[in-house]
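Under the UniProt record's numbering, the residues of the sequence shown are numbered 1 to 504, in order. Notes to accompany the following structure.
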Amino acid sequence: MASPSALSSSLPPLSQQPPLPPQQSSSSSRLSPPSSILIIGSGVFGLTTAYALSRRHDFANTTITVIDRADPSNPDVFPAPDAASVDTSRIIRADYPDAAYAALAAEAQLQWRQQTHPDDLGSEGRYSESGLLLVADGPAPPPGTPVVTGTTVIDKSKLTGMDYARFSWANVLSIASSDPELAARIKECPNTDAIKAALGTGGSSGSWGYINGLSGWANAGASMAWLYKRVRAEGRINFVAGEVANLEVSGNTVTGARLSDGRVLSADLVMVSAGAWTGRLVDLTGQAIATGQVLGYIDLTPEEEAQLAHMPVILNLSSGLFIIPPKDGVLKIARHAYGYLNPTTLSTSPLGSSVTALAAAVSLPLTTLSDPTLQVPAEGAEDLRRALHQMVPLPSLRDRPFRKTRICWYSDTPTADFIIDYHPEYKGLFVATGDSGHAFKFLPVIGEKIADVIAGRCPPEFVGKWNWRYPPGDAAIKAVITEDGSRGGIPGLILSTELGKAMN
């Protein structure tokens with residue numbers, strides 16, 4: 001494959017781009033930026049937004065504060081070990097059935113590929129362009145079936161895994177169409193034999209797919225450390241370590257946040273970007289829900305790692321199962337599924353909830369920070385083992401135990417679109433959540449987009465996708481199940497029930 005750096009954009013990397021000029025709001029009058037902004041959560045959404053705002057002239061006089069339960073100045077606890085924006089690897093791809101996300105991801109990839117200097121995002125092992133083998137189960141299209149041109153508006157609720165793969169193929173081909181060298185790195189795998197050959201492990205999965213040599217994976221933890229270093233270098237952002245207990249409200253205006261230790265942080269604008277924990281602070285009924293996804297890690301010998309050194313990332317969109325190439329003697333197997341729910345009774349109702357405090361229950365993450373003995377349910381572990389047997393069938397790995405397992409928590413929306421919008425009922429409140437398990441790849445670009453929405457200028461291609469979707473309290477829309485064609489597993493599994501099965 002060609003060197004990723006050869007495909008880099010001519011633009012300077014994120015850390016070297018000049019501050020953006022003053023921007024106009026969507027109205028005819030100039031934006032009046034708030035005097036202070038409090039950002040709750042220092043994950044991808046929160047930290048990139050703080051960075052983007054700190055570099056905008058319109059916000060030069062705005063005090064920006066980021067609060068997180070993990071102290072960013074302590075590399076041993078930042079990002080929080082149970083956060084979604086941590087771990088060894090995340091898939092970096094422009095392979096989306098929706099052309100708007102495909103184009104935004106392709107824009108981000110230009111920066112992931114920059115590896116000329118140690119300070120470039122993709123340098124020092126932060127990005128590896130291994131290729132992505134995207135496959136699906138079900139009847140394969142007949143040979144010679146034409147691809148559909150890039151699609152921007154589609155009904156995601158009607159997609160199957162095969163639909164997702166086919167639309168994605170069309171979109172990445174469209175993106176690469178202006179450069180024959182890039183287009184040549186995207187190849188159809190029309191049957192199981194072709195998939196097996198592209199995977200190169202002796203295994204296979206799915207009945208149709210394609211390999212995109214322009215996609216790969218990133219070291220999530222190292223990339224977040226890279227981002228934090230640049231945020232700190234701006235010298236504009238205040239960091240506070242603490243846990244937010246609830247939002248402070250005066251009438252219908254959010255004025256700040258109260259911490260669990262009693263401290264109160266006040267601000268003109270509060271942005272909640274707490275990932276899967278957002279539902280504890282803001283009622284997201286019908287819009288987003290926290291779901292737990294299973295991950296497993298297996299130790300490899302140097303010889304085994306060498307055997308798998310040239311494999312691509314493989315993702316089966318019908319089962320949700322995927323494997324990322326090994327690094328430092330460890331192979332990661334995971335499942336992008338409907339996920340587990342963890343209904344939790346809250347002592348204080350989230351803002352905007354019509355349910356009384358004593359009855360308030362939302363799905364919230366359960367992690368090893370609160371339960372050090374937590375393991376993935378047997379159902380999930382068995383599915384990960386199935387993926388290993390099918391995709392990487394090395395005899396020596398067949399019965400090797402996982403070195404560790406983990407539950408990663410998404411903030412899932414029905415369509416897998418993000419929620420990036422002002423709250424419709426509370427002034428001074430902005431919400432950026434609903435990562436739906438695919439937000440990390442946008443790290444180089446998403447902060448600028450969120451800052452645009454704060455300024456009243458949502459990118460046109462995401463109007464209607466990132467909006468606050470349903471009126472709070474709409475009884476007709478309660479359950480949230482992500483139906484975008486990319487999920488496997490069984491909807492509605494309750495984590496405590498599945499853990500109980502393993503115990504019994």
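Don't be surprised by glycine CBs; every beta carbon is placed ideally from N, CA and C.
For Ser157, same chain residues with a beta-carbon under 6 Å away, outside a window of 5 residues either side, are Glu483 in chain order. For a cut-off of 8 Å, the C-beta gap from Ile64 to Ile40 is around 12 Å, too long to register as a contact. Restricting attention to alpha helix (DSSP H) runs no shorter than 4 residues, the segment 133 to 179 encloses them at 161 to 176, ordered along the chain. Non-local C-beta neighbours of Ala176 in its own chain, meaning closer than 8 Å and more than five positions away in sequence, comprise Leu182, Ala183, Arg185, Ile186, Leu214, ordered along the chain. Here DSSP, grouped into helix, strand and coil, assigns Thr255 to strand. Nearest C-alpha to Val362 among Ser349, Thr368, Asp268, Thr373: Ser349.
Taking a C-beta distance under 7 Å as the contact criterion, Arg280 and Leu364 qualify as a contact pair. Under DSSP, Ala361 takes part in a beta bridge, and its partners are Thr345. By the Cβ neighbour-count rule, Arg335 is buried, with 16 or more other Cβ atoms within 10 Å of its own.
Distance from the CA atom of Val431 to the CA atom of Gly200, rounded to whole angstroms, is 43 Å. Glu382 and Thr405 have their C-alpha atoms spaced approximately 12 Å apart. Between Ser207 and Asp137, the C-beta spacing is below 7 Å.
Thr345 and Glu188 have their C-alpha atoms some 48 Å from each other.
For the set Gly352, Leu495, Gly216, the Cα lying nearest the Cα of Thr285 is the one of Gly352. Exclusion of the five residues before and after Glu107 leaves Val445 as the residues of its chain whose Cβ lies within less than 6 Å of its Cβ. Taking all protein chains shown into account, Ala276 has 16 or more neighbouring C-beta atoms within 10 Å of its C-beta and is therefore buried. In this structure, DSSP gives Glu248 an extended state, which the three-state scheme calls strand. The C-beta of Ile237 has 16 or more other C-beta atoms within 10 Å across all chains shown, which makes the residue buried. Excluding sequence positions up to five before and after Gly209, its CB lies within less than 7 Å of the CB of Leu133, Leu134, Val135, Ala136, Ala165, Cys189, Ile195, all in the same chain and listed in chain order. Boundaries around Gln109 are those of the alpha helix (DSSP H), 99 to 112, since no beta strand (DSSP E) includes it. Contiguous beta strand (DSSP E) elements confined to the segment 418 to 442 occur at 419 to 422, 429 to 433, taking only those with 3 or more residues. Bridge partners of Ala334 according to DSSP: Leu295, Phe322. In chain order, Gly485 place their CB closer than 6 Å to the CB of Thr160, counting only its own chain and leaving out the 5 sequence neighbours on each side. The three-state reading of DSSP puts Tyr228 in helix, counting H, G and I together. Distance from Gln293 to Gly437 at the Cβ level is roughly 7 Å; contact confirmed, criterion being Cβ atoms closer than 8 Å. The C-alpha of Leu369 is placed about 29 Å away from the C-alpha of Ser319. Counting along the chain, the unbroken alpha helix (DSSP H) around Thr192 starts and ends at 192 to 199. DSSP places Thr49 inside the alpha helix (DSSP H), whose first and last residues are 44 to 54.
In this structure, the beta-carbon distance from Leu53 to Ala439 does not fall below 7 Å. The DSSP assignment places 208 to 212, 216 to 218 as complete runs of the beta strand (DSSP E) inside the segment 199 to 223, in order along the chain (cut-off: 3 residues).
For Asp68, the enclosing beta strand (DSSP E) stretches over residues 63 to 68. Between Gln114 and Arg126, the alpha-carbon positions lie close to 10 Å from each other. Ala80 and Ala100 have their alpha carbons spaced roughly 30 Å apart.
Annotation: Pro302 to Val264 spans about 52 Å, alpha carbon to alpha carbon. Exposed is the label assigned to Val463, since fewer than 16 other Cβ atoms lie within 10 Å of its Cβ. One Cα belongs to Ala198, the other to Trp169, and the distance between them is close to 16 Å.
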